[in-house]
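Respectively, the protein sequence lines represent chains A and B. Heads up: the first sequence begins at 2 in the numbering used here, then just goes up one per residue. Heads up: the second sequence begins at 45 in the numbering used here, then just goes up one per residue. Structure first, then comments.
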Amino acid sequence: MTDARSLIADLATAIAGGGIEIVDLTNVLSPDFPVIVLPSEFGQCEPFRMETVSRYDGNGPAWYWNNISMNEHTGTHFDAPAHWITGKDVPNGTVDAISPQTFFGPAVVVDISAEAAEDEDFIVTRSFLEAWEKANGPIPPRHWVLLRSDWSKRVGTLSYLNLRDDGAHSPGPDADAMRFLVHERDCVGLGVETVGTDAGQASHFDEPLPAHSILHGNGRFGLQCLTGLDRLPTFGAMIVAMPLKIKGGSGSPLRVTAMVPRA
Amino acid sequence: MTASREKRDPLARKRLRHVPSGLRSRAMHALSSRAAQGHFMLQACAECGTATYPPRDACPLCWGELAWMDQPDGARVLCETTIRVSTDLYFQNHMPWRMGKVQLDAGPVALVHLHGALHSDDRAVVRMMIDRGGNAALFAIPAGETDLMGDPQWREFIVPIQGRIALVSDARSAIGRAVVKELQAQGAELVVAGLPGPMLASDAADAVYALDRIQTIALDVTDATSVSEAASRIGGPLDIVVNTARHVRPGGVSANPGFVEQRRAFEVSAMGLSRLASTFAPMLAGRPNGAFVDILSSAALGGDASQAGFAAAEAARHSLLQSLRHEMRSAGVRVMSVFTGAVDDADHQAVPPPKVAPSRIAASVADALLNGREQTCVGDVAQDAMERWLADPALFAREKNL
């Protein structure tokens, strides 16, 4: 106990003193932040909306507050296992039931920014990850795997959702890569800068939407619409990602931060 | 593109917009409600058949019951006069003003506003117009005259498009695109085309938005922030708002209600109208011929079991328009409803013909503006619905939901 107590004290000191930098990985939750667009036969995701109740005016002379509404998967958000049919029977698979312990976890950052810049439909394969491990070292167990695509730099332009006449175009993993990360590397979840953990064209894969299907079917999580992954080290960052405690919720907008040792 | 905006004396005080006096008898309001629909109707006696004007509560000849009847709109000018001085604030700003007496072919002699080219003994056509205070007024124009825009008095009763700046709230839809094209073709100085998200990468290259005198802006009527940001980007004068936003989806009430779509229909049709109106009304109120045109479904009148949520949202929209019309009356801003039945677009693939072409709706928007008509029904379905609703609302609602 004494050790843990001093650990927390040390952590507090490091955060306050600047030895540990807190990097914000969250996009601003605003009405114009794009949400995922599904084929028109399906129900659609509601964007963030904000209506002022009062702003130091007749409706509240001394106070300012807004009513807000959104989908659980709007803005920078967390996907719980229950989000997907494969995860519907995962115990404690909704955001209110997930153990809060899992909201804190180390991260490994896989940089695919060069590949994504070359090919907006870039697919992360198992062989790509194996080659990456050869160059950077193995992906440790119980880590968030964060795909740095630099896609967040497209926020505010049409190329973020990147909708074309033939659908959305953005990078993501294939099924083998997901099985590798989940079963052989025991990842906590997958974090991406794009609007979904799956690639824009992933509904056309032989195994469609593999990130959602495999992550959630195995009780793992997703983080989407992250930003600032370029400020994280490949190894050594600690992710704090706490979804709202929505009763029976499938996910939640949230503030995602990373603790990073200051160089 | 940037249009050459109207140039004004930067130090001049804001020009107050007055409207003609609004006090009228109940019988006169009955005439106004018919004029608002573009009808030329007068009361005629059920006993002796005599047509009467101005509207009364009983036949002035025999005290018989009066009923509203369509009447011939021809007339002969009896005499003319030019008013040069008035204590009325509205007319003071529009002196000199020509008026005359006409012998209506329908029978009565009427005091009318007189087109500049008309003189005593001329044949005239009398239009039943709505003045800027919202009340019916007779306006005599030369028979056969088609180009009326040169007459400054006539322009007071209509909404010119030429040289004006217009906003189309949803320019992505088939209706919206058609309205943008129509206003542009009618010579609007600038058409601001609102584009709700999400957008395709190829939208930037769309031929409609690439036309001359068109400016695209992001605008989503479900988002108050987006509406006010759009207003801030228009900045300059704004004369006309055409609200083309709608969310047509099937769904019932107890059966397959589709709450997400139903709520969205209300967000677009009802709340969207309120957001647009509250943001843009002050801009329209400062203009000499401001107008807010709203395209709504005739399902607003009696409901529609196959698209209950949409119909209910459109009914809410219809109600809000009535209130907006009241609010805008004192500023002289025209609030115009354009009713349509099923449209020949992607929203109505399940509906068999007859359907209304988006271009026809757009032409009706222009026609409503250029004739100052408050209420227009485009196509047979909307016209039939309006007639049946006016004749017997309870029967209409029953028949629509059998």
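Yeah, the Cβ is synthetic: ideal placement off N, Cα and C, and Gly gets one too.
Open item on the list: I want to verify the contact list: residues of chain B whose CB lies under 9 Å from the CB of A/Asp33, in sequence order.
Closed with: Gly241, Ala262, Asp264, Asp267, Thr269, Ser270 and Glu273
- [ ] With 8 Å as the C-beta to C-beta threshold (strictly closer), list the residues of the stretch 224–258 of chain B near chain E in chain order.
- [x] As a matter of chain content, chain E is missing from the structure shown, whose protein chains are A and B.
Open item on the list: For a test of the three-state rule: what should DSSP assign to B/Gly353, helix, strand or coil?
Closed with: Assignment of B/Gly353 by DSSP, reduced to helix, strand and coil, places it in the helix class.
- [ ] Answer with buried or exposed for A/Leu8, where buried requires no fewer than 16 other C-beta atoms within 10 angstroms of its C-beta.
- [x] exposed
Open item on the list: With three or more beta-carbon pairs closer than 8 Å as the criterion, would you say the stretch 144–155 of chain B touches the stretch 387–396 of chain B?
Closed with: no
Task: Other residues of its chain near B/Ala426: CB distance less than 6 Å, five sequence neighbours each side excluded - done: Answer for B/Ala426: Ser342, Phe383, Thr384 and Gly385, listed in chain order.
Open item on the list: Whole angstroms are fine: how far does the CA of B/Ser77 sit from the CA of B/Ser164?
Closed with: 30 Å
Task: Cross-strand partners of A/Tyr65 (DSSP beta bridge) - done: The partner list for A/Tyr65 (beta bridge, DSSP) reads A/Arg56.
Task: Opposing strand residues paired with B/Lys58 [DSSP bridges] - done: BP columns for B/Lys58 are empty, so no partner.
Open item on the list: Helix, strand or coil for B/Lys51? Go by DSSP, reduced to three states.
Closed with: coil
Task: B/Leu368 to B/Val379 span [Cα, whole Å] - done: 7 Å
Task: Of the listed residues B/Gln136, B/Asp267 and B/Ala74, nearest to A/Glu52 (C-alpha basis) - done: B/Asp267
Open item on the list: In this structure, how does DSSP classify B/Ala426 when only helix, strand and coil are distinguished?
Closed with: helix
- [ ] Tell me whether the beta-carbon of A/Ile21 lies closer than 8 Å to the beta-carbon of A/Arg263.
- [x] yes
Task: Reference B/Val409, options B/Asn445, B/Ile339 and B/Leu446, closest by Cα - done: B/Ile339
- [ ] Provide the residue(s) that pair with B/Met85 in DSSP beta bridges, ordered along the chain.
- [x] B/Asp114
Open item on the list: Residues in the same chain with beta-carbon distance under 6 Å from B/Met45, minus the five sequence neighbours each way, listed in chain order, please.
Closed with: With a pLDDT of 40 at B/Met45, under the threshold of 50, the modelled position of this residue cannot be trusted; read the value that follows with caution. Taking C-beta separations shorter than 6 Å and ignoring five residues to either side along the sequence, B/Met45 has no partners in its chain.
TODO: Answer with yes or no whether the minimum CB distance from B/Val292 to chain A is below 8 Å.
DONE: no
Open item on the list: Does the stretch 162–172 of chain A come into contact with the stretch 207–221 of chain A, if we say contact requires no fewer than three beta-carbon pairs (one atom in each stretch) closer than 8 Å?
Closed with: no
Task: Partners in chain B for A/Ile196, counting only beta-carbon separations shorter than 7 Å - done: Before going on, a small fix: residue 196 of chain A reads as Val here, not Ile. Those do not exist, as A/Val196 stays about 10 Å from chain B at its closest Cβ, beyond 7 Å.
- [ ] Provide the residue span of the alpha helix (DSSP H) that contains B/Asp411, from first to last.
- [x] Where B/Asp411 is concerned, the enclosing alpha helix (DSSP H) starts and stops at Pro402 to Asn415.
Task: Helix, strand or coil at B/Gln136 [DSSP, three-state] - done: helix
Open item on the list: For a contact defined as C-beta to C-beta under 7 Å, what are the partners of A/Ser55 on chain B?
Closed with: From the beta-carbon of A/Ser55, no residue of chain B is found nearer than 7 Å; the closest lies around 14 Å away.
- [ ] Kindly examine the ligand GDP and report whether one of its heavy atoms sits closer than 7 Å to the Cβ of B/Val129.
- [x] With respect to the ligand GDP, the structure shown offers nothing to examine, as it has no ligands at all.
Task: N- and C-terminal bounds of the alpha helix (DSSP H) containing B/Thr323 - done: Element bounds for B/Thr323: Gly316 to Ala329.
- [ ] Would you kindly report the start and end of the unbroken alpha helix (DSSP H) that includes A/Asp177?
- [x] Looking at the DSSP string, the run of the alpha helix (DSSP H) that includes A/Asp177 is Ala176 to Arg180.
Open item on the list: Strictly under 8 Å for the Cβ-Cβ distance: is B/Val169 near chain A by that measure?
Closed with: no
Task: Residue-level contact to chain A via CB, B/Arg432, 8 Å cutoff - done: no
Open item on the list: At a CB distance below 8 Å, what residues from the stretch 156–181 of chain A approach chain B? Give them in sequence order.
Closed with: Leu159, Ser160, Leu162, Asn163, Leu164, Arg165 and Asp166
Open item on the list: Closer than 8 Å between beta carbons: that is the criterion. Which residues of the stretch 373–402 of chain B meet it against chain A?
Closed with: none
Open item on the list: Short of 8 Å in beta carbon distance, which residues of its chain neighbour B/Phe440, apart from the five on each side in sequence? Order them along the chain.
Closed with: These residues qualify, in order along the chain: Leu345, Gly346, Ala429, Arg432 and Trp433.
Open item on the list: Between the alpha carbons of B/Val265 and B/Gly316, how many angstroms are there, rounded?
Closed with: 5 Å
TODO: Using a Cβ-Cβ cut-off of less than 7 Å, list which residues of the stretch 298–313 of chain B approach chain A; keep chain order.
DONE: Val304
Task: Rounded straight-line distance, which links the Cα of A/Ala178 to that of A/Val125 - done: Using only the alpha carbons, I get a separation of about 7 Å.
TODO: Scan the stretch 59–72 of chain A for residues whose Cβ lies nearer than 8 Å to a Cβ of chain B and list them as they occur along the chain.
DONE: none
Open item on the list: Can you check whether the C-beta of A/Met239 is within less than 8 Å of a C-beta belonging to chain B?
Closed with: no
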